[in-house]
Structures are given as C-alpha cells and as structure tokens.
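Q: Our numbering numbers the first residue of the first sequence as -17 and each following residue consecutively. Here a beta-carbon is modelled for each residue, glycine too, at the ideal position from N, C-alpha and C. Dropping a structure here in structure tokens format, bear with me for questions.
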Amino acid sequence: MPDSGWVSPELLAAQQRLQHLQSIVREQRQTPDQDVGKIDHGRIPPSPSFNPLTQLSLLPAHLGWESERVTAVLRQRQSPKKDNQTDWTPTLSVEHSSPIEQGDLANRPTAGQTVKLYPDIALGMLRREQAAAGRIWLLLRHLDVNGRGWLDIDATREQLTRKGSPWRVCGWRQLRNLLNAGENVFWVRRDGRIWLKSTVKTAQSLGVTRLQNRPVALPVTVLLGKIGEVRAHLYASFHSGRADAPISRAALEETSGIHRRTQRRYEKVARVRRRRNFAIGGPAAGENGEERAWRQGNAAFQLKDYQGKQGAAGKTYLAWQLPNSYAGPHAAAAKGRQKRINRELTDLFMQGMTGNDQDNRLRRRFCGNGRTAAQLFSKTGGNVYWRGKGNFWYSIGN
DNA sequence: GGGTCCAGACCTACGATTTT
DNA sequence: AAAATCGTAGGTCTGGACCC
C-alpha cells in the first residue's frame, strides 16, 4: 500500500486538466462584455481600489445631471472594473476552504466589491421591515463564493459576529434574532447549514410582484455599516435604478413605505441628489390662466419671462412646482436574468389571483421630449409633462 | 418642498444565567 | 466547561408635530 504522500500519474493528470479548465473559466470572466449577472449569482468582481460611491461623491454635483445620456456615460465609466489579479472573493466554506484561505487578506471586504441589488427587492425589504435580515441575505450571497446556495451556520456566525472579523455586522444574539426573522423569507436552516433562497423566492416572500427598476451595484462595504446606512442605501437604490422623472414624496412613501421625513434623512446619508422641478403653462392673463391658477392652488406662481426664453420677452406665464427629481449614488448593474425572474414572478402571482386589482388612477406622466408627450396625450389623455430647458417642464392636458 | 425637536420604538453590547 | 439564551441599559432610528 502506498504511503499517504504518494500521488498516482492519473491523479496528477486530472489535477492539471482541472487547473487548465479553471484558467479558461477565469479568462471568460474577465471578458468585458460578459454578462456578469449570469455568473456568481450576479455578483460583480470589483477592483480593490475602486469605490463607486467615493468616485460619485467626488464629482461636481451638476456633472451629467442635466443629461440622461451624459449621466449614463458617466455611470458606465464608473462601473466596477474587473481585476483578476486580486482574489476578492471571501469564503465561509468549511469543507472547501483550506486553512490558508481562512483569515487570508483576500478574505476581507474591499471598497470595490459590490453585490447586485434589485431595487424592487430592496424596497420590499423596507416595506416588510426586513432590512436587517435582508442585509444578512445580501452578505451571505456575496460570501457564498462557490455559488452553492448554502453556507455553514457555525462558520457564518464566526464570520459575522466575531470581534475583529472584517465581516462582523452584529453580535451573536442579534444574528440569532435575524436568522429567525429571515427564516422562510431569505433562507431555511437545515443540517447545520443556511440554505439561501433564490431571488425569485425572496421577491415573492417580500410581496414583490415584478422587478421594474434596473439592478444596481451596491458596494459590500455599505452592507457592513450601521443598519441606518444600510436602510438608506436600500432606499437610495430605488433612485439609482430609475430614470430621473419627477416623483412626489407621497408617491415615494406609497412605493417604499418610507415616511417622507425619513426619505430626506436617507437621501442625506446615501448621497442621493435632488433637483426641484417647475412646470410652465400658458400666459398668466386670460381665462385659461385663471382656471389653471385655481386648479394648481398654492403651488402656482407667476413667472415673468424678461429675456424672452419662452416666447415674446416680458410676457408673464403661469408656473407651478412639480415633485422633485432624484439621482441615486449607485452604479447600474447588468440586468442579467431580470426578464426571466419577472416571468417566474408573474407565474407565481397569477396562481391564486382572483381579480384585477390594477391601479387605474390617472397619474401625471413625464416624458423626455414633446413628441413623446404628444403621442402619449393623444393616446390616453390626462396630464402629460415633457422636459424643457433647465428645471422647467411643459404640460399638456388638464 | 425643507428643517428642528422630541418621544417612543428598535438595535446592540455586556454580563448573568441556563442548557447541553 | 462550553455554548446558548436572557435581562437590561444605553445608543440609534423613526415618525409626528410644528414651523418656514
């Protein structure tokens, strides 16, 4: 019988073959056009020195803000770079990780590591008051480097609660509470393992019927902050994943379940940029102007066009304040499996649905240009706005 | 739309106690 | 003896009230 150090030629050849295959997979992951959403459960390999939040905060407030296209380009340029030189992925695995990997420097959160976050799920967490447990779910998905869908409970506890651990987010007791709170929503515990629920199942448990907004890249370091910061970023992801059309505090409260006072706090913490909007209507004088002024109530005011930017110089128009626009701090992430997830969510929610509870209220709608606004108005009527110069919007309809 | 103040709810840490 | 749970106090977060 050979001693324990003996390795057969067949085993050596198999190991070489395995290393070759692993190098091919690594190369494929570095390809720029690779849809990162399809691998690693949507996690995006970051560069160790890159922090999208820091970069965004360094930009002048106006940069790209006036133009969706410029904003898109800027954000594109800020998407996390891929760098295979650093092993950014931490591991909680007991069975598959060697003692060298445990406690290794690579097993630390770095500024550039991000997780893919669907804003609709983030808002679902907030609405259901599951943000604290949701943070753990996002972290565990990130820490499940092998993509197996489960993690060892003891190793997880050690990693998330031990003092001095770079992944520590809370104490032992709080983690126990959170694991209980998130049971059957984010995971199930069985055989000493935490089995993570999929995006679809989690969305369903949180009452999310559709992923409407595009996913964002949330820096892992945000998840390791105070729960208030985490909540703030969950809320801010909604603005990051959405176009910058005006939206009222009331609508935001309805969508997110976040009180308007708290919205402002979160926007400050997560560095969401706000912009005030105004609509400009017809001439203030005359029957139409008076009717409009009456309809708009306190929000209406008269705007004198001294420089003739809206027509003849010196003419007075009726204007009124619209809801704010917002721009979130996060970089966009690849949509990945979003379509498929939505299909699965639709299937799940169609089962057991008894009626059509769609909200048919006519709302204000905002378009990027007058042409689209006119088309929308002729099709549906109602009240349609389109963007003019500066902070002004023009309106058509009642 | 925005801000401040404040009471109550929630979160967290620490040490004591109970369970395995 | 070690691990898990509990009691409690202090810090943090949130929403309401009020005002601009």
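(1) For ILE323, does the count of other Cβ atoms within 10 angstroms reach 16, so buried, or fall short, so exposed?
(2) Using only the alpha-carbon positions, how far apart do ALA163 and ALA316 sit?
(3) Could you name the residues of the same chain whose beta carbon sits closer than 7 angstroms to that of PRO228, not counting the 5 residues immediately before and after it, in chain order?
(4) Evaluate THR328 with the Cβ neighbour count: other Cβ atoms within 10 Å of its Cβ, from every protein chain shown; 16 or more gives buried, anything less gives exposed.
(5) Can you round the beta-carbon distance between ARG206 and PRO91 to whole angstroms, since I take them to be within the 8 angstroms contact cut?
(6) Are the region 142 to 150 and the region 178 to 192 touching, with three or more C-beta to C-beta distances below 8 angstroms?
(7) Would you mind stating whether GLY310 and VAL254 have Cβ atoms separated by less than 9 angstroms?
(8) Measuring alpha carbon to alpha carbon, tell me which of ARG231, GLU236 and GLU249 ends up nearest LYS242.
(9) For the pair the region 216 to 223 and the region 150 to 157, tell me if three or more CB-CB distances fall below 8 angstroms.
(10) Identify which residue in GLY131, THR237 and GLY210 has its Cα closest to the Cα of HIS221.
(11) In the DSSP output, which residue or residues are listed as bridge partners for GLU165?
(12) Measure how close the beta-carbons of LEU178 and TRP132 come, nearest whole angstrom, since I'm counting them as under 8 angstroms.
(13) Which same chain residues, not among the five before or five after GLN340, have their C-beta less than 7 angstroms away from its C-beta?
(14) Please report how far the alpha carbon of PRO81 lies from the alpha carbon of ASP134, in whole angstroms.
(15) Would ALA104 and GLY94 qualify as a contact pair, given that the criterion is a beta-carbon distance under 9 angstroms?
(16) Quick one: residues in its chain with C-beta nearer than 7 angstroms to the C-beta of VAL202, no 5 flanking neighbours on either side, listed in chain order?
(17) Please classify ARG123: does DSSP put it in a helix, a strand, or coil?
(18) Straight-line CA distance for GLU140 to ARG224?
(19) By the 10 Å Cβ neighbour count, where 16 or more other Cβ atoms means buried, how is LEU35 classified, buried or exposed?
(20) Could you compute how far the alpha carbon of GLY174 sits from the alpha carbon of THR138?
(21) I'd like the list of long-range same chain contacts for VAL182, defined as Cβ closer than 7 angstroms, with 5 residues on each side in sequence excluded.
(22) Starting from LEU105 and walking both ways along the alpha helix (DSSP H), at which residues does that stretch end?
A: The relevant details are as follows:
(1) That one is buried.
(2) When rounded, the separation of the alpha-carbon atoms in ALA163 and ALA316 is 30 angstroms.
(3) Excluding its 5 nearest sequence neighbours in each direction, PRO228 has C-beta neighbours in its own chain below 7 angstroms: ASN259, LEU304, PRO305, ASN306, SER307 and PHE348, listed in chain order.
(4) Exposed.
(5) One point to set straight first is that residue 206 is Leu, not Arg, in the sequence displayed. About 6 angstroms separates the Cβ atoms of LEU206 and PRO91, confirming a contact at the 8 angstroms cut-off.
(6) The region 142 to 150 is not in contact with the region 178 to 192.
(7) In contact: GLY310 and VAL254 (Cβ atoms closer than 9 angstroms).
(8) Residue identity check: residue 242 is Arg in the sequence provided, not Lys. That would be ARG231, whose Cα lies nearest to the Cα of ARG242.
(9) In this structure the region 216 to 223 does not touch the region 150 to 157; the number of beta carbon pairs closer than 8 angstroms is below three.
(10) HIS221 has its Cα closest to that of THR237, out of GLY131, THR237 and GLY210.
(11) Partner residues in the beta bridge of GLU165, as assigned by DSSP, are TRP169.
(12) LEU178 to TRP132, Cβ: 7 angstroms. Contact.
(13) In this prediction, GLN340 has a pLDDT of 38, which is less than 50 and means its spatial position is unreliable; nothing more can be read from the coordinates.
(14) Legend: pLDDT at PRO81 = 29, less than 50; position of this residue unreliable, no value from coordinates given.
(15) Contact flag unset, no.
(16) Apart from sequence neighbours up to five positions away, the residues of its chain that approach VAL202 with a beta-carbon distance below 7 angstroms are PRO91, GLN95, THR96, VAL97 and HIS124, ordered along the chain.
(17) In the structure shown, ARG123 adopts helical secondary structure according to DSSP, grouped into three states.
(18) Rounded to the nearest angstrom, the two C-alpha atoms are 37 angstroms apart.
(19) Unreliable positioning characterises LEU35 in this predicted model, as indicated by a pLDDT of 38, which lies under 50. A coordinate reading is not provided.
(20) A direct Cα-Cα distance of roughly 11 angstroms separates GLY174 from THR138.
(21) Once the five neighbours on either side are set aside, the close Cβ partners of VAL182 are ILE323, GLU326 and LEU327.
(22) 101 to 109 is the extent of the alpha helix (DSSP H) around LEU105.
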